[in-house]
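J.:
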Amino acid sequence: MLSYTELAVNLGEANAYATARAWTDWAGADPVKTAALRRGQDWIGWLYNDRWAGEWENDGAPENVKYAIIIAARMELVTPGRLSKAKKRGIKSAGAGSARVEFFGDDGAKDVYEDIEGLLAGLIVRKSSTLFSFAARA
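If you're matching positions, the sequence shown starts at 10 in our numbering and goes up one per residue.
(1) Please tell me whether residue 73 and residue 128 are closer than 7 Å, where the distance is taken between their beta carbons.
(2) Check the DSSP bridge columns for residue 133 and list the partner residues they point to.
(3) Over what stretch of residues does the alpha helix (DSSP H) that includes residue 67 continue unbroken?
(4) Assign residue 148 to one of three DSSP states: helix, strand, or coil.
(5) If the criterion is Cβ atoms closer than 7 Å, does the pair residue 86 and residue 45 meet it?
(6) How about residue 54 and residue 11: are their beta carbons less than 7 Å apart?
(7) Taking 7 Å as the limit between beta carbons, can you name the residues of its chain near residue 77, skipping five residues before and five after?
What follows is the structure, encoded as structure tokens:
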């Protein structure tokens, strides 16, 4: 589960990921990038903390979770507040098999959201109606 206080990915890892991809928009002072990582991790946690297929501590986050955080942080670094708009906008539909999330609005971000979903595909499960399942068995 991702922490809402401690980062699962450090700035050095994020910088290396961005450099390997020649992201020219991964720029700015370290505190600005760190804040973007914080907001990216908060957003990934908000979307997926109740859907992880396995259990791990924040400091043992799988590599693909770290990469998803960095991609979300880049979105936030390039357009501050973009992730909070995605939160407010809400999810239109979600899937597990091919792992997709469709958001209301912001069609220009579709590819980025699909990249994140693709990275997390094997690590998330579909939300289930646990209360309904227990009630149905009773």
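The beta-carbon is built from N, C-alpha and C at its ideal position, and this holds for glycine as well. Please read all numbers here as calculations on a predicted model, not as lab measurements.
T.: Quick answer:
(1) yes
(2) 61
(3) Neither: residue 67 is in no alpha helix (DSSP H) and is coded neither H nor E.
(4) Since the first and last residues shown for the chain are 10 and 147, residue 148 lies out of range.
(5) yes
(6) yes
(7) 53, 125, 128, 129
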